[in-house]
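Numbering (this note's numbering), first residue to last: 773 to 1967.
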């Protein structure tokens, strides 16, 4: 317990105490406020009885304290503090509890607080060398009197300088005290505070644990006061990085109590493993493998699902249900998973081993030898051709629903086939699988060349664009081959230079993993000359993180990488030394507590949960063919594996036949050995937005006190839980960061997690009070994306202000105020600098529209369009013959869909398409002007889609282009792209005078965007209708925590999301960006003007804006009132290819040249802006989805 580490219980009051304490007669402690009896007769403790009722009372109090049952905990201690000579440590416990109860809404709180302070003062006299009472008193007085708190906090720090909460309290107290001091004294005080924080932080995150985040936050505030802006930013960056890697902030209560101010109850470990040595080896099948195999891997060469029937019953060119009638993004229970086969090489050819008709496993060549050429390395890769085929739903609806199998599929069966990349003779060949023939054939040309010898070849989605890339390692160093459409007419591009590797480096192995747990793929290269850790900084930028690796390690043999200690971070086990190096929150690898056990020099050990108890084991085979190793390597219950005869040579452990048991196959064995007695859950993966097999995703599993983490490498995984019957949570974090969970999964079954396809980021939402409820209006600030690339290196310049149309029917007074809800519900952060409401009064029968759209500079000039005379298209037909005339006649959510949408990797784009409009020339006679009113719903792309489209042949991001007849029966562009509506059901106004020929009023809209049109009309009037605009500032602005709305899918298309205010999600959708957000409560001063002091909202936050309706003029008779909401600010998502996407910072500002801005630019650092950051942005990011691993506050 936190109060057990005490000084001499018989010490007298120290004459060195720097303040005057209050001596209280011991009788006061038992005679003050009465506590209600709990109704039980507790055993009465005796003096000098530390092992009887005293210990029982203390343990009971600690357990009740841990459950926040504070009054009952205090009652449990009452017999101890009413003794004639109570132990000072019990007085301390009682004082802590009384102070907690006095701070709550408890009857007699003043008496409780007074009693607590008396008790704690007495303890400081009885235990002058114990820091606990000093810490508690210092923390208590800090809330209202810095000077009174100072002597207590200082004495606590003198006694416990290495206790993180104590050092943090003293450091922040010194920082606050300096505000009211003379300059010289303030400088000295701040210098002392700096020493306190630097000494504390030097201990490292492995000692401080979660307290690192609080220390860094307060240290950053101190540096800001010292006007060391860059150092302050660096401290915040480090805190955000650690938080992003899974380090959780202590709660407000934990920060206040610390360790010394709590009756600590022992915290559970992140995982408790119970290794089993009762495996039952038996023969699964006979085996006859080719001689001399140098490698052996278990692969699912052709992965299929059930037959598919696709029905477009609503004629929206999108299947309404998937192949079993389930909504997309669900889990297949007891799903079909094809058995695995074995692939290996003998140095010259690749062999496929699989069961023959008699059940025995035999081999055949699938990649033949080429002369004397040696196969140096090979890798399996799913390029996703089949997925690409099923993403395009072709055919005409035209009033007829259709049902058919997959495009390009002969038997209606969905397949995901593996290709083989083979490195030999200086080139990389690509061999493609043919399921009907069950054989491989090569592409005509090699996909890349390299000098020297290739030692290792692996695959992962390095650039996070949804497909798999290749990484080579050899005596040439490293090669990164980026997949730029290899599944189609594209190929692989050498992007090695981006890694920053020295040309002279020589590597024999490479391992992809998320070594720092920041949701992107890093690359660890190594060989006899050393190791190089290339850490992904996203957006195709890399940094050298080799300093994190253990300095004395030997890297000649590749390490085993797995989360051995079950804390959510991958660790390293080095086979030569047998040492385990655990990952300290992604900052560095430190030597673990597990005893070293080196593997034999000729062994090739593997990390596997062989006994399916949920903990990682390390196993290998010896020269006699015995499988041996260490179970539960990083746990106290580790044990040696009882040897199992499996055969010599290379071996593989996998669930080959999908029966939820492991099988072992070895190159030199004569049988496939089944390991019965332990069973798990077989989990497969179906990527949609990401690569088809989820390579690079992270699977987290929690089952009671057990936790395990798996980095996915392309095959289904067999997850064990020991003797537990159920997995409580199975959570998949896909490579693009989307989180999916399944609860209460029983053992001995099969699951396929299919990636949910839907919006992750677009912009904040706007709801308005319509007299009955808060009505969803649209998404806003969509024209202000930060760090969004349209193509690699080509960033969208954000337009920081927007006028949003709100119809009068959507916004009516509520108790005299016009009330709007501004919410952040996606994986984004929003910076709102100003909000202002403009009432636009105009005659009934006219309409008003702001001049807004998503476009590149020059941005539209703020202007309110008025419209009173409209012409409707008499014909609206797309290039596939579909007639959308009726759909475009009115804004009624009857959406025209003149496109075939791309799915998955290119979600938000569509095949090139055109919509031809024709107007009646008679409607244009006497026209005073010609303006197209184009109301559309944009399905947003994201940064990764944009990057992928820019590199993949056949895909392109083309905003709408207006075309007119060319006089020769065709069409010509009338100018550059006109932009597009920036969200859901927004109208953009396009002047087509001089473009549209009144005598032949035809116009065509060409695009590749997934842009639905609700209404397209032609205004033939002038823009001079009378109107009256009245601007009113917000009367109140309240920031609060709301959560997330539950999406409602419209039109039968399960990806068009609408929202209702009262329909909220039961479970959170994603976490907030790490960083500092604006504190909850009144934030009106931050939205009154454009001043780079804004409200910062994260996922799940809401801002209630109220405008006084009494400030509006009386509406004229025959007029109506609509509104424009003026918003100034920015939004930033967390897509892997968005620049500076990981954290809240760097903060944007209006004078920046772009985002991200250069090193010669920075957020304003005036005294006002420093005070803004210090006093307003004090709320840490909320982790809505807690990690399944549970590291303690201090490791």
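Note that the Cβ used here is the ideal one computed from N, Cα and C, for glycine as well. Fair warning: this is a prediction, and the values are worked out from it, not measured in the lab.
Expected contact under 8 angstroms - CB spacing of residue i and residue j to nearest Å
| i | j | result |
| --- | --- | --- |
| residue 980 | residue 961 | The Cβ separation is near 24 angstroms, so there is no contact. |
| residue 1611 | residue 1797 | With 8 angstroms as the limit, residue 1611 and residue 1797 do not qualify as a contact, their Cβ atoms being about 16 angstroms apart. |
| residue 1879 | residue 1573 | Residue 1879 to residue 1573, Cβ: 18 angstroms. No contact. |
| residue 1148 | residue 1225 | 6 angstroms |
| residue 1397 | residue 1419 | 5 angstroms |
| residue 1623 | residue 1630 | So it is not a contact: roughly 12 angstroms between Cβ atoms. |
Nearest to residue i (by Cα), restricted to the options the options
| i | options | result |
| --- | --- | --- |
| residue 921 | 1478, 941 and 1005 | 941 |
| residue 1128 | 866, 1061 and 1480 | 1061 |
| residue 1889 | 1943, 1616 and 1901 | 1616 |
| residue 1523 | 1703, 1489 and 1347 | 1489 |
| residue 1525 | 1469, 983 and 1537 | 1469 |
| residue 1402 | 1391, 1395, 1409 and 1396 | 1391 |
| residue 1416 | 1736, 1049, 1626 and 1484 | 1049 |
| residue 851 | 839, 866, 840 and 838 | 866 |
| residue 1512 | 938, 1385 and 1840 | 1840 |
| residue 1312 | 1254, 1000, 858 and 1345 | 1254 |
| residue 858 | 830, 1399, 836 and 882 | 830 |
| residue 1780 | 1682, 1844 and 1751 | 1682 |
| residue 1428 | 1114, 1552 and 1645 | 1114 |
| residue 1244 | 1260, 1258, 1219 and 1262 | 1219 |
| residue 1738 | 1758, 1775 and 1370 | 1775 |
| residue 959 | 986, 936 and 994 | 994 |
| residue 1241 | 1250, 1230 and 1247 | 1230 |
Residue range of the unbroken alpha helix (DSSP H) whose run includes residue i
| i | result |
| --- | --- |
| residue 1026 | 1024–1029 |
| residue 983 | 983–997 |
| residue 1010 | 1001–1016 |
| residue 1663 | Careful: residue 1663 lies outside any alpha helix (DSSP H) and carries neither H nor E. |
| residue 1934 | From DSSP, residue 1934 is part of no alpha helix (DSSP H); its letter is neither H nor E. |
| residue 906 | 904–914 |
| residue 955 | 955–973 |
| residue 944 | 936–949 |
| residue 866 | 860–874 |
Sub-7 angstroms separation of residue i and residue j beta-carbons
| i | j | result |
| --- | --- | --- |
| residue 1676 | residue 1460 | yes |
| residue 1194 | residue 1123 | no |
| residue 1900 | residue 1862 | yes |
| residue 1554 | residue 1755 | yes |
| residue 1881 | residue 1585 | yes |
| residue 1032 | residue 904 | yes |
| residue 1330 | residue 1047 | no |
| residue 1315 | residue 1307 | yes |
| residue 910 | residue 928 | yes |
| residue 1702 | residue 1746 | no |
| residue 1357 | residue 972 | no |
Cβ-heavy atom distance, residue i to the ligand ATP, below 6 angstroms
| i | result |
| --- | --- |
| residue 1699 | Summarising the ligand content, the structure contains no ligands, and the ligand ATP is consequently not present. |
CB contact check: residue i to chain D, cutoff 7 angstroms
| i | result |
| --- | --- |
| residue 1906 | This model lacks chain D altogether, as it is built from one protein chain only. |
Segment limits, beta strand (DSSP E) that includes residue i
| i | result |
| --- | --- |
| residue 1572 | Taken as a continuous stretch (DSSP letters only), residue 1572 belongs to no beta strand (DSSP E), as it is neither H nor E. |
| residue 1304 | 1302–1308 |
| residue 1452 | 1452–1458 |
| residue 1479 | 1478–1483 |
| residue 1126 | 1122–1127 |
Is the region 1190–1203 in contact with the region 1212–1221, if contact means three or more CB pairs nearer than 8 angstroms?
yes
Validate contact between the region 1708–1719 and the region 1231–1238 using beta carbons, cut 8 angstroms, 3 pairs:
yes
Is there contact between the region 1513–1523 and the region 1487–1502, where contact requires at least three CB pairs shorter than 8 angstroms?
yes
Taking 8 angstroms as the threshold, find out whether the region 1846–1858 comes into contact with the region 1928–1938 through three or more Cβ pairs.
no
If you pair each beta-carbon of the region 1943–1960 with each one of the region 1866–1878, do three or more pairs fall below 8 angstroms?
yes
Spell out a yes or no on whether the region 1778–1786 and the region 1689–1700 are touching, meaning 3 or more CB-CB pairs, one atom from each, closer than 8 angstroms.
no
Report yes or no: do three or more beta-carbon pairs, one from the region 1467–1485 and one from the region 1430–1446, lie closer than 8 angstroms?
no
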